[in-house]
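Quick note: the sequence shown, position 255, residue 841 per the working numbering, numbers continuous.
The structure appears below as structure tokens.
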Amino acid sequence: MTFNENRKIEFKKRTNYPLSKDHTLSKYDSDKFIEIASSLAYYLKVFSSLKKFLEYISLAATHLIEQEFSIVVPLNDKGSIWIENVYFFNQKEFLEVNDEIRNFLKDSKFLQNFKIKDIYIFENFLKSKFSHLSINSRKLISRGKCRGFYYIFENKKQIASPHIKERNISLLVNMLALGIENHLLISRNKKHENVDREISSGAEIQSRLLPDFCPKIFGVDLAAHCRPALQLGGDYYDFMSIKPNLDEIRKQKGRWALVIGDVMGKGIPAGLLMTMLRGMLRAEVLTGLPPDRILHDLNQLAIADLDQSHRFITLFYSDFDPRTKKLRYANAAHNPPLLWKSKEKKVIRLDAEGFLIGLQKDAQYQCGSINLSHSDVILYYTDGITETTNPMGERFSEYNLIRSFEDLCLKGLSSQEILNAIFDKLDKFTETNRKLDDDASIVIFKLEQ
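Below, the structure is given as structure tokens:
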């Protein structure tokens, strides 16, 4: 006879004694209960396999309650019967019945669209199969949510004290409920960790798609930065040589495309669309067409994919010729860049009519142009700058951005200094380290010669 069987027999003998008038338990029973409860509590903290945990509960049950056998029917995170983790605590003579019960659960129609109230169908089946036994049915409740069901099949002639029996069953029921919930939480956390790793990888790849540094353009001082609201962002800016095959010196003096855009929304969907847009736009730039034709053709290419995603893209496209200092531009409903005219000491908007990318198949775009002068500064930005709010719910607004931009340009700062100062003002407005409402990007273009 095994050690566990000896202990079970000894436990049965001792539980035959009636409780005293004050309902105190025997010292043996109290010590045994405390020992098993402590052991279960410890195992509850460290288990990693739900099957192993149920096996451990099964072993404890043989010492705590009188039963012919029992069944645990856990529910998964969707509230459906977790068929692969249904567990039987029993003796060998019930093995055939186990298979019959498991087959009933697998084949039963109620399993497909299971609702907790439908558990009576399964319970009626159990009653029909085990009419000679008494079935003690318990819901496994944790944090107000049903985590499964526990069925104890007992001989109808019970000899254990009802008080001890109820106490011991309550311990097992509570441990089972917590164990199933813990396992679900651990599984959910692992899934989240995997998703986080994938998002981090995606964010790393996307960060490499934005320019690592600003290119050298003859007579131009550039600075740029994107601050995403989430790990993956929908903002986009880029600098592209119209003729990338030229040597470095000739490339610096050749025409350059400067673009900034924003995919409506943020996170993974916006990041994926931004990546798609980048590839399409880089191919279009090599055609050397005027900005309005670039946006027209880009819209034609992207509209099918954007229509399916129910998202749109705002985009401001410009090209600059260092030899003539002429800037041409077209706008697909993006925030108009701000141009500081150093001679007039004023800020104007660079804007042209045009629809969102992906909104209308035959959208037309206008082309604007302007000749730049020494110390002129252009501020390209996304709406994450102007739409950012402070704790009072007030927006930073275009008005505040223009005023800040004017003050900084009057000081004759470099592009990088202007960019840093604007983000500093934004941090002070929103309170430092406060999470941004949307992706925020800035490109500063300053003409030095």
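C-beta atoms are modelled at their ideal positions from N, C-alpha and C, and glycine is treated no differently.
Through-space distance from residue j to residue i, alpha-carbon basis
i: K607; j: I707; result: With a pLDDT of only 39 at K607, under 50, the local geometry of the prediction cannot be trusted, and the value read off the model is given with reservation. Distance between the alpha carbons of K607 and I707: 42 Å.
i: D833; j: T974; result: 42 Å
i: R868; j: I943; result: 16 Å
i: N722; j: G730; result: 21 Å
i: L762; j: A919; result: 58 Å
i: A809; j: G979; result: 30 Å
i: L636; j: E752; result: 25 Å
i: D1036; j: L796; result: Residue coverage of the chain in this structure runs from 587 to 1035, which leaves residue 1036 outside it and unanswerable.
i: C953; j: R774; result: 52 Å
i: A843; j: M826; result: 5 Å
i: F902; j: K776; result: 41 Å
i: E930; j: I828; result: 31 Å
i: N689; j: S625; result: 34 Å
i: H769; j: I755; result: 21 Å
i: I586; j: I727; result: With the chain covering only 587 through 1035, there is no way to say anything about residue 586.
i: D883; j: M860; result: 17 Å
i: S720; j: K664; result: 31 Å
i: L712; j: L757; result: 24 Å
i: L611; j: V672; result: Only weak support exists for where L611 lies, its pLDDT of 48 falling under 50; the value from the coordinates is given anyway. Distance between the alpha carbons of L611 and V672 is about 34 Å.
i: D893; j: L936; result: 28 Å
i: T873; j: P801; result: 20 Å
i: L645; j: A627; result: 14 Å
i: S1000; j: L987; result: 17 Å
i: T900; j: L771; result: 41 Å
i: K692; j: T1016; result: 56 Å
i: R909; j: N976; result: 43 Å
i: V933; j: F941; result: 24 Å
i: K715; j: D891; result: 58 Å
Burial state of residue i, where buried means 16 or more other Cβ atoms lie within 10 Å
i: E670; result: exposed
i: N741; result: exposed
i: E870; result: buried
i: F799; result: exposed
i: N917; result: buried
i: E652; result: buried
i: P748; result: exposed
i: D878; result: buried
i: N699; result: exposed
i: S660; result: Note on residue identity: the sequence assigns Pro, not Ser, to residue 660. With 16 or more Cβ atoms within 10 Å of its Cβ, P660 is classed as buried.
i: N831; result: exposed
Beta-carbon proximity list for residue i, same chain, < 6 Å, skipping 5 on both sides
i: D821; result: C812, D848, T968, D1025, S1027
i: D824; result: V845
i: I657; result: F674, Y737
i: N684; result: F674
i: K947; result: I889
i: I702; result: C732
i: R724; result: Y736, V759
Sequence-distant residues of the same chain with beta carbon closer than 8 Å to residue i, five excluded per side
i: I1004; result: A809, V963, L965, F991, L994, C995, I1030, K1032
i: L875; result: D883
Same chain only: Cβ atoms within 7 Å of residue i, ignoring 5 sequence neighbours per side
i: L887; result: M866
i: L913; result: S904, F906, S955, I956, L958
i: I622; result: A646, H649, L650
i: I667; result: V659, L661, L691, L697, F700
i: I971; result: F982, L987, L1012, A1026, I1028
Entirely enclosed alpha helix (DSSP H) segments - the segment 954-1021, minimum 4 residues: As far as the segment 954-1021 is concerned, its whole alpha helix (DSSP H) runs of at least 4 residues are 969-972, 983-996, 1001-1016.
For the pair the segment 833-843 and the segment 988-999, tell me if three or more CB-CB distances fall below 8 Å. At 8 Å Cβ cutoff, the stretches do not touch.
Three or more beta-carbon pairs under 8 Å between the segment 920-927 and the segment 954-970, yes or no? Yes, the segment 920-927 is in contact with the segment 954-970.
Could you tell me which whole alpha helix (DSSP H) segments of length 4 or greater appear in the segment 850-886? Listed in chain order, they are 854-871.
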